[in-house]
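Undergrad:
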Amino acid sequence: STINAKQSINKKQVMLNATLPKVNWANQPIILNGVVQGDTASYVNESNPEVIYAWHMKGDKGIFAMKWADGKAYQVNCQVGR
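Following our numbering from start to finish, the sequence shown increments by one per residue and tops out at 111.
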């Protein structure tokens, strides 16, 4: 799995480009909205009623999570540069 993340200049959005074989994603772009507080950034995309996407960053670590309406969930733990 690979996730590339770019924060907007005002840090209120992040653009992810994700390759996640377990969910059949290849270079899937997704935009999430959120905030940065201290050294932690949290972003969410709830525009699709079938699935919620979340991206959290702290230091050199990130977590991308997906939760579907039926209760299924998937999570990827990331580290910068790996």
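Beta carbons are placed, not taken as given, at the ideal position from N, Cα and C, and that holds for glycine.
Whole angstroms are fine: how far does the CA of Lys40 sit from the CA of Met95?
TA: If I take the Cα positions, the gap works out to 21 Å.
Undergrad: Contact check, Trp84 vs Tyr72 under 8 Å by CB: the rounded distance?
TA: Cβ atoms of Trp84 and Tyr72 come within 8 Å of each other, at about 5 Å.
Undergrad: Please report the straight-line C-alpha distance between Leu61 and Phe93, rounded to a whole angstrom.
TA: One C-alpha to the other measures close to 11 Å.
Undergrad: So, using beta-carbon positions, are Ser30 and Val80 closer together than 7 Å?
TA: no
Undergrad: Which residue marks the beginning of the beta strand (DSSP E) containing Lys35, and which one marks its end?
TA: Thr31 to Gln36
Undergrad: CB-CB under 6 Å to Ala102, same chain, minus the five flanking residues each way: which ones, in chain order?
TA: Lys96
Undergrad: What are the boundary residues of the beta strand (DSSP E) that includes Pro58?
TA: Trp54 to Gln66
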